[in-house]
Structures are given as structure tokens and as C-alpha cells.
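Asks: Protein sequence lines correspond, in order, to chains A, B, C and D.
For the record, in the first sequence the residue sitting at position 4 is 3 according to numbering that gives the first Met the number 0, with numbers rising by one throughout.
For the record, in the second sequence the residue sitting at position 5 is 4 according to numbering that gives the first Met the number 0, with numbers rising by one throughout.
For the record, in the third sequence the residue sitting at position 483 is 482 according to numbering that gives the first Met the number 0, with numbers rising by one throughout.
For the record, in the fourth sequence the residue sitting at position 34 is 33 according to numbering that gives the first Met the number 0, with numbers rising by one throughout.
For glycine and all other residues, C-beta sits at the position ideal for the given N, C-alpha and C.
Dumping the structure here so I can ask a few things about it.
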Amino acid sequence: MAKFRMHLLVCGGSTCRSSESDLIAESLRREIEEKGLQAEVQVIMTGCFGLCGKGPVVRVMPDNAFYVGVKPEDAPVIVAEHVIKGRRVQRLLYAGTAGKEPVSDPKHNGFHRKQIRIALRNCGFINPEDIDEYIARDGYAALGRCLTEMSPAQVVEQIKLSGLRGRGGGGFPTGLKWEIASRNKADQKYVVCNADEGDPGAFMDRSVLEGDPHSVLEAMAICGYAIGATQGLIYIRAEYPLAIQRLKTAIKQARDYGLLGEQILGTNFMFDIEMRYGAGAFVCGEETALIHSMEGERGEPTNKPPFPAESGFLGKPTNVNNVETLASVPVIINKGAGWFSSIGTEKSKGTKVFALAGKINNVGLIEVPMGTTLREVIFEIGGGIKNGRKFKAVQTGGPSGGCLTEKHLDIAIDFDNLIAAGSMMGSGGMIVMDEDDCMVSVAKFFLEFTVEESCGKCSPCRIGNKRLHELLTHITKGNGTMADLERLRNMSLVIKDTSLCGLGQSSPNPVLSTLANFMDEYVAHVSEKKCPSGQCRDLMRYTIIYDKCVGCTACARACPVNAISGERKEVHFIDQDKCIKCGACFEKCKFAAVLIN
Amino acid sequence: MGKLNSLADLTKIREESRHRIGLRAKSDSPEGLVQVRVAMATCGMAAGARTIMDFFADELDKRGIGAIVTPTGCMSYCYAEPTVEVQLPGTEPVVYGFVDLKRADEIIEKYIKNGELVEGIIPVNYETID
Amino acid sequence: METVKLTIDNKQIEVNKGTTLLKAAHRLGVEIPTLCHMELHDLNIENKPGGCRICVVEVQGRRNLAPACITKCEEGMTIKTHNARVLNARRTVMEFILSDHPKDCLICPKSGHCDLQDMANRLGIREIPGHEIAEMSTYRKDTSPSIIRELDKCIMCRRCEMMCNEVQTVGALSAVNRGFMAVVAPAFEQNLEYSPCTYCGQCVAVCPTGALTEVDHTRDVLRALVDPSKTVVVQTAPAVRAALGEEFGMKPGTLVTGKLVAALKALGFDYVFDTDFAADLTIMEEGTELLTRLGKHLKGEPDANIPILTSCCPGWVNFFEHNYPELKDVPSTAKSPQQMFGAIAKTYFADKISVKRQDMVVVSIMPCLAKKYESQRPEFAVDGNPDVDFSISTRELAAFIKQANIDFNDLPDMDFDRPLGESSGAAVIFGNTGGVIEAAVRTAFEIYTGKKLSRLDFTELRGMEGVRQATIDFNGFPLSIGIAHGLGNARKLLDEVKAGRSKFHAIEVMACPGGCIGGGGQPLHHGDSSILKARAKAIYEEDKNKPIRVSHENPYILQLYKEFLGEPNSEKAHHLLHTHYFDRKAKIIIKK
Amino acid sequence: MSSIKIELRKEDVDKITEICDSFSNEPLELINVLHKCQEHFGYLPAEVQEVVASELNVSAAKVYGVVTFYSFFTMKPRGRHPISICMGTACYVRGAEKVLDEFRKELAIQVGDTTPDSMRPGTGGPRR
């Protein structure tokens, strides 16, 4: 049926476009017209292939050959050899990641193995509001297998063998957590799905809940069977109305099919799921705070131990897992712990979903095996830095994480390496920053968030973070001293050392990691009173360039605090003490006589 | 189909729905239909996915093209929302990004009707376990 | 009981499983500093939210420091309670707390008794880094009849929230706001006056700083003392004499009755009387009411209105007016001893010494803060002149004595003046939980049976358990008695009364754990309940050494009835010594 | 007695009682009840909180403590068009602060306030 027998897809991603990929498309079209083949062969520009390090990229369909590092002058060779004679141009073929012999079929093409979708396997593929489509993708088969072929202990064993660790941020081994919960005897136990996702940079749990709600329901049932619980609770933030509605539909459909409720699949296993809503509190991502919130109270954490697995919701053993952690469980049961632990690094198994955002071309959700490097994520899948600016830092772990720089780009991403590098995995928010971002302001931004979200129960976090934020504001206003930097460090270390819960124990990380990696910027703010990336408004100096100013008085009239003096047709002058750095003069001056430095 | 009372019931449903979806994808079968999947996550809808989905449903119907238009979750290409995956019977699905009404119309006319690719294809940069 | 072995500061110790690091260290003589932790053992009240983080210690192998007040000892732990890392952490946390605390120690009512002040000295804090740019959380100051709230000084230790909700179940206080502005406050941060607060003062008794303090009336009393036209009469409550000594370095439980009278005389009070006199009066009135109701109960009359509940504790009166208004006719209508004293002083005694009531100032020394509110209740005044003008707490009196430079310890013992200073042993035990009902039983038994009591110490009515019960044989009739102290315990008995299931004939309720000896105005016990037990013992001591130990043999009481009141529950007695109660429950008004 | 005169129209009280009953007056469901009340009234004035407290048999102080803890609940009537500006990390890095400043300048109000012209709660708050 297809009119064209062949398509040449030229990568139009901004990195490739900046190395003349549209010229390549042009020359390919010209070549094809000359050979009179325009009716059979079509050339079109596509989005980014995620191979930016090796661009520009041309893909030939249906033969599925991948040409990399193509130049406009290669176009005639491609048309002559491949389009006409049907022979691939070996020199340009993509050699796959490990330099194996060139492979062209995308199923086994080295390029594609960058991302493996396990938690997101159904997202964007099935209709989330139709349980049959989920079942068609082996949905509930894992639950069926557990209930009919495996004992609860075997299920726990599988999860332990798989090496799965918590995706909420802490990385606690899930199998161990289930085992502890299963050991504690009680008349009632609870399985809780932590869908609070308070980290401002993360949105992967939302995508899973909106795209594949059943995977979470099935996993909770499996967990209920493994630890001996009959009641599941999903604690979801009120800011996700669509996810709430899709979960409700999914729960109803699952109940109609008897996959939730009494005698599931004819066995005597009973399990049901209810929804519990957050109300806007980042701290409720912490297990004990979440449990208090579910009990209708202020979301204040309590000391651990006792861990929720011992005494949690209503004092009963409670197993709390993150959405993404749960979404991988059915796959582990279906494809086996061995298969799952073959992916990832030695101590961090499987894949991790990252919410890639910030100054990056391909903002998006990615799921990469543990062990992928930051460089691959940012410069290949992410499509490099926007507007061709220079990479400066990537922030992982949100307000509890840290900033990593150029020298960390080749670290294999996993729980332990990121902590060793001074950041942490966190829930997966990954914000890329370029040369225009001031790291002191970024640290201040995160502290502003923590001060707003701290529950206020313990003094190091309630007051300490406020003092950190005040000191950082002090520095960005140009009043900081070198002694302040030392005090920043001591306060941060003590807050980490003494806070009651994870929020306070990790809130100083952005400060500590920016101090460690960008001390020069702090010093610039403190001693030279300069903000190298020009973000800190109070450190900007507006001055008038003598030879450019014609004395048209436009700036003087625009200045809200009349800090600009000078006669008509005379060179004007800005009084630095009065100037509030609003930039009105800069905007008004038609002769570019206002300098900002 | 009411309550599933055994693993066998589950397997039956799996086979049935796989068959149903499979049929749609086959070109030779009489039921070979064009499948249009629109990413309907919050972000997709904020970028206008609902109007795109309605457009596809109405226009394909009006133009007498046998098609199934279904919502899905997010396809993870935030920078290119709204994103739509189109699968002609017997071919690999193709994902289009930045789909506005103009491009949606182009997709129907050029790609669905006579298989001519349209600008703005988003190459699938991930492998999904089956 | 399973035990664990661990090392603390290089010393080995073995403790029962579940013991906290704080207690284990204490046993080794290592005092780990705490701020928010507080424990009243036998009242099984413990506050350990783990919020202040001053008690953090190093646990080898653990990433961060552990709070000693909550962390339980585990086998093989190695603890360092005062090494450099711990001290630096404690100092920095203390600097954080002080950076959000007013610096007005010089005029703060809590100065000298403030846990925060002591801790700042102990940790040697000399400056607060960054104070010049440090924002401070500030709140509207609230002065209620009894309690002043200055939440700028709140350090979120949650002790008051725990006392008000878990122990007293009044529910007037809760943590509010989130983050830097979080404090413990009434609903909508409105004044205490508009909340269900009963002014029992248990929050003030446990507050480690000046956030919650009592209204100070010593200035008004001083002004009255210097006013030549005023005759100033003072009455002192039973529980004061068992605790005042502690403010002057005496061992808890030292009886200072004689010195107390001497100090009051030295301060310039014209007449130094004893609230105990009015306590005997209360027993006469309430005892009669009990017997009347009991009589009807035995005859099976419907309006017997059994059980009868005591009404001498103003905190408790507030409690049932707010929470059980439908039961407001169940408690005895007798006023409290403080108010009976005021009524008698400004009528009977004023006539005796021919002083007009406007020229007489009645001051009461009370272990309690709710007495301040009680004295201002409109129904306890005649044409705007209150029966009791000012009520000051034991703590205020101690400060007053110190300001007057009186060497309390060397004062001679003096006697109360006559006639309103004479009292029986039954009156003084009002200060303990179970004391009021024991006093009532002593008199009621002798009047009901006409026989003399063989034993006067009803030990079955004594003790510290929250809810107690006992049956006293009244000539074959088993009088069933219930006792509750702490409003949480009172609620248990009240629910039964409300449901008509109560098996008691008479119930005594005291709002404060331990009774008046644990009152909100007493010298601070800082969570050490052995102090409460020592005070109780002292009260029972004074009762033993009294010549007269039953209220109806107090000669001055008999003279008062003969000369003035007629007999108990007479029309005049009703007018002066009895009251009624109000429905104070918040109601929903339907707008048309 | 509370200084907050609990004055509400009959149908407002009935609505609150109905919501509380739908959660069988279970104190555990306080947050769900508050969500439903805010959905209905647009905000949570003190009077509504007092009624919820008495229905669920919890102290009004505790209800106020929960309402002031979670940023979702508000005691101020909201105007017809609530504007929320995302200050998440990704948006911050792309200049969300400047967007916020512009809104502040344009509407001349601070974060959390409502412009005077639309003080009348559009979503049917209890009539004063």
C-alpha cells in the first residue's frame, strides 16, 4: 500500500541541526531528484534520535540502516550505493555502543539499548482505562503465578534475589523490607503505595499512575500476599487529579474482575485497595509523616525505630513502597529475579526512571539501566544543552540532592556512586544547568523550598534551615564574608547530623555540594561581590558607557528611584547607592550605552 | 465478562484481548484497522491532546477510514507534546510530535491515506520489554 | 526480662531491653542534657517527641547522632555522650533555638526557673552567630484571667500540648502552622479565654520557658497593703504549706505552716487566716447535701440525684461546664473553700471588725491558677465587689517574700489569727487527691451513724492511681466512692454518670494530677513525681498532728453557725455558700 | 465559649454534617472531610472547622492545626480565577521567578492573596 518504497529520515534535533543536518536533507533531495527517484524515495526531517554525540544521523527505512557522522558531501554516496544499488555504506554505519560489528536492525541495535522500559513498559502504549489492554500485556499474570504457584516466602525471596532497591530515594533493599514486614505477626497489616512525589523536579510516579495504574495495583496485591496483609492504601497527592481518577477507574475494574476483593482468582487470598489523599506537604513523602497524614493528622515524622514495618498505620505493621518500585515488581515475578539482576550495576539492580529537565533539549522521562553515565543521559538521550550553551551542573535528588559537575559526567549512575559524589539518587529529578545558572542562587532556591516545607517539629530543621537560607540570601546580596562560608558548612553538617527525619538530614546537601564543587563562585560572591553568571540582581552593576551616551535623558526619566543624573545632551551617570538594579535604564537606552557587569 | 474465578479465566481474557489487538495490527485481515494512540497524560492534555484526539476520531470517521483512536499514558517526550502514535496495519508504529490540528490533518492525508511520512517524527529512543 | 549490654562513655552497663539511652546513662551518673523530654513516672506521663535534639549522642556505626530520650539501648552499642562532635552539635542546635528566642531574661517572669536559660548556661553559649540577620517568629501576646501566652518564647517542646490533650483531654491546645512559624496554640490562635481551656494550669506547670506563665497579681496585692484605708485579709490553701519551702531550698515535703504565717505577717497582712477553715465549712455544707441526697436515694425517691460530685476545683467546674453541660445539676452546689472564705470574710468577719466590704481586700494564696479565674466569676461578687479580690500562686508568694528580703528559713513558727484561722485535720487533706472525699466521709459517717469513728485514716481513698474506688461501710450501708485526678481520668467517670451507669454514690474530682499539691501554681516539679509524693506525705503528716481531725468539731465553725448561719444548708447558707453552674459548650447558631 | 460565633446557614451546616456522615464521622478521615468541605465552600473558614470538629469529635485546635499544616487548605476566600505559578526546579531554572515577579507587579498583590475586585468568592462560600 505504501506509495514510497524507501524513506530517508534525517535527524532534525537541534544538535544535529546545528551541524548542518538540514543541508544533508537538501543534498539528498537534490540527489534523488537528479536520479528521478522522487516518486519512490521520500526524505524527511525527524525529531532527535538521542544519538547527539554521533550526529548528524540518517536512518534508511524500511531497511533500517543507521548512518552516523554524515556530511552533506556523503549524500551522493548514500543515494548511489544504498538507494540505487541497495548496498549499505559500511563507513557510515552505526557501530553500536561496544564497538561490535555494525548492526542495523533497531531491535538489536546498540544504540537502542540505552533505555530499557520496565517500570514504564506500558506507558504510552496501553489505554490506562481499559483493564483488558493491561491483561493483554501479561497484566495480573504475576499475581496469578504468586497465588497459585508460589508461597509468600518464595515471593519475598524472589524480590530479595532481584536486588530491587527503593526508588523513592533512599534505596533501601525492597526484599529486606518485605521480609521484615512479613516476619512481624499481627491481626492486620497494611501495604502502602507512596505516591506523594513531593520532589519539585520529579514527575515519573505521575506518568506511571496516569499511564499504567494496574501495574501498581497488581504489585500491591503481590506485596499483600507476600507479607500477609489484606488492606492496601495508596497515599496520593491531591495535586494529581487525573492520576486519582485513573486509579479509581482501575480499582473499580480490578474489583469487577475479582482481581481485588474476596477470593482473588478463586484462591482464598483477599486484598482490597483504598485511596488516601495528601493535601500539599512535601514532608509527607517520609514514611512516618505519610502514615500520620493518613491518620488525619499533621504530617509530622516520628523517630525510627520503631520502623513502620514493625508499627505503622494504626500501630499495625505497614510496608511502604514508592510507585516506581512497585511498578517493577510484576516484571520481576514474570521474568524472574535472575533476569532483573542481570541489568544494572553490582549493588544497584534494574533500571531507574529520571525526569530529565532544565536547560536540555529533549526534556522528558527516561528509563535507563543502572550504570548508565550522566554523559550518556544528558548529551545523548537528552540531546545536549539548549541553545548550544555550555554545560555547568546537573542536580539530582531534588532538595535532598546535590549538584554534580563536568568531572562527574562519567560516573555510572547508581545509589552508592551518586552518594559518594556528594549527591543522591533521590526520586529521579534530574535538572540540567548551564553557564547562565548561579549555583549559590540554586542552593538558595532549594533552601527556600525546604524552609517552606519543613514540618517545624525539630529545631535544627525548623530554625537551622531558615538560618542557612538567610545566610545564602545575605551572600547573594553581596554582604557575605569568608567566615560566613565556614559557618555555612558547620551549620549544614550539624543540621544533617541532628535532624529527626530525612528532610532535615538531607536539606543541607545542595549547600554542601555547591560549596564543594563551586567554591570559586561562592568566593566571587563574597570577596569580589560579583555573580559570575549574572543571576544575582543585587550584585549587578549598571553603569553608563561614556562614549556611547548621547544624553537623550531617556534612562533618567525611566529610572524609578531617579538614580541617574546628567544634563540634556551630556553624558549621564548612575548613582550606585540609589540604584535598585531594576534594569529600566538598560531597556530604555536605544544606544546600548548601559553596561551590566 | 464477570468475576474471574481462576487463573484459566485470566489466561482466556489475555488471549482474547491479544487476539483483538493483534488483528487490528495485521494488514491482511479484514479487520486491519489504523491504530491512533494519543498520549493523554496531564501534560499531554495541557498541551491540547484532547482536541487532537477528538479531531482524529471525528475526521477518520468522516473520511471513512477504519481506525481505533485510544488514549494512552505519557510517551515521555515532554518537549514534543502533544504526541501521537500512528500504526498502519502491518507496519511499525510511528510517533509524531508537536501534533497540532494542521499536522494532524497532514498525518491523515499523507501518512494514513498513502503512507507518505510527515515531518516531525519522533524516533522511539527506548526499548520496551515484552 | 531480657537485658542488653552496652558501653556508654567507656563504662559497661546492662539494662532491661527497651530502656532508653537517657535512662541507662542516668544510671551511670551521666546526665545527658534534655529540653523537651519530661516524665512523671507513676502518673505514666512521658513527653518525648524528639523535637529539641539537645539530647543527641553518638552511636558508633550510625550515620547521624541519635536522640537519647527515645533511642532504645541495643546489644553491643558504643555510645559517646559528650565527645567533640556531640558538643559541637548541641551548641549549634542551642544557638539555633536561641536565635529564635527573645532576649528579655531580665524582665521575663520565668527567669531563674527556665530550663532554656539553665541549658544556655550549661552549654556556655556566649553569642548567637548571624543574629543580626536572623528573623524571629513573633505572635500576638494573649492574657487570659489566669494564664499569659507569649509564643515568641515557645520552643515547640510539645509538653503543654501533651498535658492538655492526653492527660487533661481538654483539647484547648494543638500544634499549628508548619515550619518556622509552627507553635502550640488554641484553635484559630484566638485567646485562651475563648477556647475550652479550664485554666487548670498544667500547661504552665510543665512549660520549660516563659511561653506560658501565670498572671502576676503581687503588684495589686502590694498596692492594697500600702493603702491605709484597706484592711487586707489573706487566706492560704492547704497545699501551699507543703511546697512553699522548696522555693527556699528546703527538701520537698517540708511542712512550713508556721513560717508561712510569719512571712505573711511580715509582709504586712492585717489578718492571716487559713483557707482550711473554709474547707471545714465546705465539709459541713457538702456533707449535709450528701446526706440529704443519700436519704432520698435510700427512700428510692426519683430526684435523689446520686451520685454527688465534689465542686471545690474550679478547673474541674470549667471542664464539666464546657464538656458535660447537661450534668451541671449533678455536682454539689457548694462553693469552693476559697469562695466560701471570701463570702464569710466580707460579711460575718467584716461586721465583727466593723469594716465595710469595699474597704476589705481578701487575698488568697493558692497552688492553682484556675483560682484566679474563679475569683473573677461575676456570680462571686456583690455590686461588683468580688468576695476574693486577688488570688496569687505559691510561686508568686515565694517571689514576693524574696523581694521583701525576708529570710524565710529562719522565721519563727506563728499561728493563724482567730477566728477564721482555726481548722481541723480533715480540712488540710483537701490538698491531696482523695482528701476532700475522706474529709467528707469522716463528718458524714459520724452525723449519719451518730457513732464516733474508730479510725480516721481512710488509706483506701489515698494513692496516686488516676482512677480509684472504695466502699465505706456506713452502718451496713456500703457507700461507694469514686476518685479521679487529672481531667482525662475524670472524663472516664463522667461518661458513666452521663450514661446513667455510674455505680458510685459520691465522686471526687481534681483537675490536676496528684490533686492541689500538683497544682499549676506550685513550685515547678520539672517532671520529677517524687516531689509530688513528698508533698502528699507532708499533708497527711499535718492532718495526723492536728488535735481536731473532723470538720464538725471545729469550735469556730460551730460558733459561725450559731452566731450567723443557723444550720448547714440553711437559707442564709445557701445564699452565701452555694452557687450554680452554666452551659459553656460552643453552640452552632443557625442564621435565618 | 469560642469567640468565633459559629453562625452558619442551615444548608451549610447540613452540607458539612452530610460530608462527615459520608465518612462515618471517623476522625481518621479528617483530611478527606476537609478536602470535600473546601471543594464545596471554596475555602475553610473558622465556623466550618468548628462544625467539622464537633461532628468528628476532635478538638477544634486539632482541626485548625491540620488546616494550617497543609498548603492545600486555605482559610481565605479564593477569587474566581486562582493563578498558580509552578516554582518547581525545572521551571525555576528556566526563569519562573521572573514570571512570578511580573504577576506580582501586574496584579499588585502578594503570593496567596486575592485581588480586591474579586473578593466575592466565586465558588459559593458561606454567605456572610
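What is the DSSP secondary structure of glycine 503 (chain A), reduced to helix, strand or coil?
Replies: helix
Asks: Which residue or residues does DSSP assign as beta-bridge partners of lysine 41 (chain A)?
Replies: Note that residue 41 (chain A) corresponds to glutamine in the displayed sequence, not to lysine. Assignment of beta-bridge partners to glutamine 41 (chain A) by DSSP yields A:His6.
Asks: Taking the C-alpha atoms as reference points, what is the distance between histidine 577 (chain C) and glutamine 337 (chain C)?
Replies: 12 angstroms
Asks: Quick one: residues in its chain with C-beta nearer than 7 angstroms to the C-beta of threonine 432 (chain C), no 5 flanking neighbours on either side, listed in chain order?
Replies: Ile482, His484, Met509, Gly513, Gly514
Asks: Is there a Cβ of chain C sitting closer than 7 angstroms to that of tyrosine 63 (chain D), yes or no?
Replies: yes
Asks: From alanine 333 (chain C) to leucine 280 (chain C), what does the alpha carbon distance come to, in whole angstroms?
Replies: 10 angstroms
Asks: Listed from N- to C-terminal order along the chain, which residues in the segment 3-24 of chain A have their beta-carbon within a distance smaller than 7 angstroms of any beta-carbon of chain E?
Replies: In the structure shown, chain E cannot be found, because the protein chains are A, B, C and D.
Asks: Here's the rule I'm using: 16 or more other beta-carbon atoms within 10 Å means buried, otherwise exposed. How should cysteine 35 (chain C) be labelled?
Replies: buried
Asks: Does DSSP classify alanine 425 (chain C) as helix, strand or coil?
Replies: Helix, per DSSP.
Asks: How far does the beta strand (DSSP E) with threonine 77 (chain C) in it reach, from first residue to last?
Replies: For threonine 77 (chain C), the enclosing beta strand (DSSP E) stretches over residues 77-79.
Asks: Counting only Cβ pairs nearer than 9 angstroms, list the residues of chain D close to proline 199 (chain A).
Replies: Cys85, Met86, Gly87, Thr88, Ala89, Cys90, Tyr91
Asks: Which of helix, strand or coil does DSSP assign to leucine 163 (chain A)?
Replies: coil
Asks: If you check the beta carbons only, do cysteine 454 (chain A) and glycine 50 (chain C) fall under 7 angstroms apart?
Replies: no
Asks: Expressed to the nearest angstrom, what Euclidean distance is found between the alpha-carbon atoms of isoleucine 221 (chain A) and threonine 147 (chain A)?
Replies: 12 angstroms
Asks: Just mark phenylalanine 102 (chain D) as buried or exposed, buried being the case when its beta carbon has 16 or more other beta carbons within 10 Å.
Replies: exposed
Asks: Return the chain-ordered list of same chain residues with a C-beta closer than 6 angstroms to the C-beta of glutamine 521 (chain C), the five sequence neighbours on each side being excluded.
Replies: Ala242, Pro366, Thr393
Asks: Which residues in chain A have a C-beta closer than 9 angstroms to the C-beta of asparagine 63 (chain C)? List them in chain order.
Replies: Lys495, Asp496, Thr497, Ser498, Gln504
Asks: Three Cβ pairs or more, each shorter than 8 angstroms: is that satisfied between the segment 300-320 of chain A and the segment 186-195 of chain A?
Replies: yes
Asks: Any C-beta of chain C sitting closer than 7 angstroms to the C-beta of alanine 95 (chain D)?
Replies: no
Asks: Counting only the same chain and skipping the five closest in sequence on each side, list residues whose C-beta sits under 6 angstroms from that of aspartate 574 (chain A).
Replies: Ala562
Asks: Would a check of beta-carbon distances place proline 185 (chain C) closer than 7 angstroms to chain D?
Replies: yes
Asks: Of the residues C:Leu224, C:Thr70, C:Leu39, C:Ala171, which one's Cα is nearest the Cα of leucine 499 (chain A)?
Replies: C:Thr70
Asks: Would you mind stating whether lysine 495 (chain A) and aspartate 537 (chain A) have Cβ atoms separated by less than 7 angstroms?
Replies: no
Asks: In three-state DSSP terms, what is tyrosine 189 (chain A)?
Replies: strand
Asks: State buried or exposed for glycine 519 (chain C), treating a residue as buried only when at least 16 other CB atoms are found within 10 Å of its CB.
Replies: buried
Asks: Output needed in chain order: residues of the segment 460-486 of chain A with a Cβ under 7 angstroms from some Cβ in chain C.
Replies: Those would be Arg461, Ile462, Gly463, Lys465, Arg466, Glu469, Leu470, His473, Arg486, in chain order.
Asks: Examine chain B for any beta-carbon lying closer than 7 angstroms to the beta-carbon of arginine 116 (chain A), and answer yes or no.
Replies: yes
Asks: For chain C, find out if any of its Cβ atoms is closer than 7 angstroms to the Cβ of aspartate 104 (chain A); answer yes or no.
Replies: At aspartate 104 (chain A) the pLDDT is 44, less than 50, meaning the model places this residue with poor confidence and gives no usable figure here.
Asks: At what residues does the alpha helix (DSSP H) containing asparagine 488 (chain C) begin and finish?
Replies: 486-497
Asks: Who pairs with alanine 380 (chain C) in a beta bridge, going by DSSP?
Replies: C:Pro385
Asks: Ignore the nearest five residues each way along the sequence and tell me which others in aspartate 104 (chain A)'s own chain have a CB closer than 8 angstroms to its CB.
Replies: Residue placement at aspartate 104 (chain A) is poorly supported in this model, since its pLDDT is 44, which falls under 50; the coordinates still yield a value, given next. Once the five neighbours on either side are set aside, the close Cβ partners of aspartate 104 (chain A) are Asn63.
Asks: In the DSSP output, which residue or residues are listed as bridge partners for leucine 531 (chain C)?
Replies: None, per the DSSP bridge assignment.
Asks: My guess is that aspartate 211 (chain A) and proline 329 (chain A) are in contact by the Cβ rule of under 8 angstroms, so how many angstroms apart are they, rounded?
Replies: So it is not a contact: roughly 10 angstroms between Cβ atoms.
Asks: Compute the Euclidean distance between the alpha carbons of leucine 22 (chain A) and isoleucine 380 (chain A), then round it to the nearest angstrom.
Replies: 23 angstroms
Asks: Are the beta-carbon atoms of glycine 119 (chain B) and tyrosine 95 (chain B) separated by less than 7 angstroms?
Replies: yes
Asks: Please list, in chain order, all residues of the same chain as valine 316 (chain C) whose beta carbon is under 7 angstroms from its beta carbon, the five residues on each side excluded.
Replies: Cβ within range, chain order: Ser310, Tyr580.
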